[in-house]
Amino acid sequence: MSTENQTIESAKPAAGFKTILWSGLVAGILDGIAAIIVLHTWYKLTPPQVMQWIASGAYGAAAFTGGTSTVIAGIFFHFVVAYVLAVIYFFAFPKIKFLSARPVLSGLLFGLGIFLVMNLLVIPASNIQKSSFDPGLAAVSIIWHMVLVGLPISLITKKHYAEKNA
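In case it helps, numbering that gives the first Met the number 0 puts the sequence shown at residues 0 to 165.
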């Protein structure tokens with residue numbers, strides 16, 4: 000193998016890593032902003048309280064008295080989830096033809112799936128205080144997960160594979 004081919008081959012994993020890094024970052028930032036706006040509107044939570052609410056998944060109610068350390072933990076957990084989602088989508092993309100054939104629809108459906116998994120499995124299994132179902136909040140949350148989480152991950156991943164195959 001020539002040096003040029005070795006350089007091209009070694010660049011592929013780096014390009015995939017950059018795509019995952021970028022899509023996870025974009026989805027995490029957009030999701031975080033949406034969560035802050037929506038949870039402030041519904042419950043009057045401040046941005047630090049939103050991050051502590053996320054941290055309460057691990058720490059329970061103690062997260063709300065943990066100060067800066069639980070705000071940072073909430074941010075960390077939030078981005079871990081965003082990056083896990085980006086990794087899942089990135090590796091599923093070349094294997095599931097629907098994802099590349101319909102990136103907008105598949106991104107929106109991925110966002111819906113994220114909302115369902117988080118709200119039906121992850122949050123109930125965590126230490127987050129249980130609350131009553133609010134259909135208005137659920138509708139807004141579904142839309143934000145579809146448009147601000149699933150769609151950016153899909154479109155950024157699609158761009159990577161389009162450039163890779165060009």
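Just so you know, even glycine gets a beta-carbon here, dropped at the ideal spot from N, CA and C.
Test item: CB-CB of residue i and residue j under 8 Å
i           : j           : result
residue 76  : residue 91  : no
residue 170 : residue 114 : The requested residue 170 does not occur in the structure, where the chain is confined to residues 0 to 165.
residue 146 : residue 110 : yes
residue 102 : residue 157 : yes
residue 163 : residue 14  : yes
residue 37  : residue 143 : yes
residue 99  : residue 56  : no
residue 65  : residue 58  : yes
Endpoints, alpha helix (DSSP H) assigned at residue i
i           : result
residue 51  : 46-58
residue 138 : 134-144
residue 73  : 67-91
residue 129 : From DSSP, residue 129 is part of no alpha helix (DSSP H); its letter is neither H nor E.
residue 114 : 102-116
residue 152 : 150-163
Outcome for residue i when other beta-carbon atoms lying within 10 angstroms are tallied against a minimum of 16
i           : result
residue 42  : exposed
residue 49  : buried
residue 89  : buried
residue 151 : buried
residue 5   : Annotation note: pLDDT 39 at residue 5 (below 50); position unreliable, no value reported.
residue 155 : buried
residue 133 : exposed
residue 106 : buried
residue 73  : buried
residue 127 : buried
residue 79  : exposed
residue 70  : buried
residue 148 : buried
residue 119 : exposed
residue 23  : buried
residue 27  : buried
Beta-carbon separation (whole angstroms), residue i vs residue j, contact threshold 8 Å
i          : j          : result
residue 81 : residue 30 : 6 Å
residue 86 : residue 35 : Residue 86 to residue 35, Cβ: 24 Å. No contact.
Residue i: CB within 7 Å of a non-hydrogen atom of the ligand ATP
i          : result
residue 98 : In the structure on display, the ligand ATP does not appear, and there are no ligands present to speak of.
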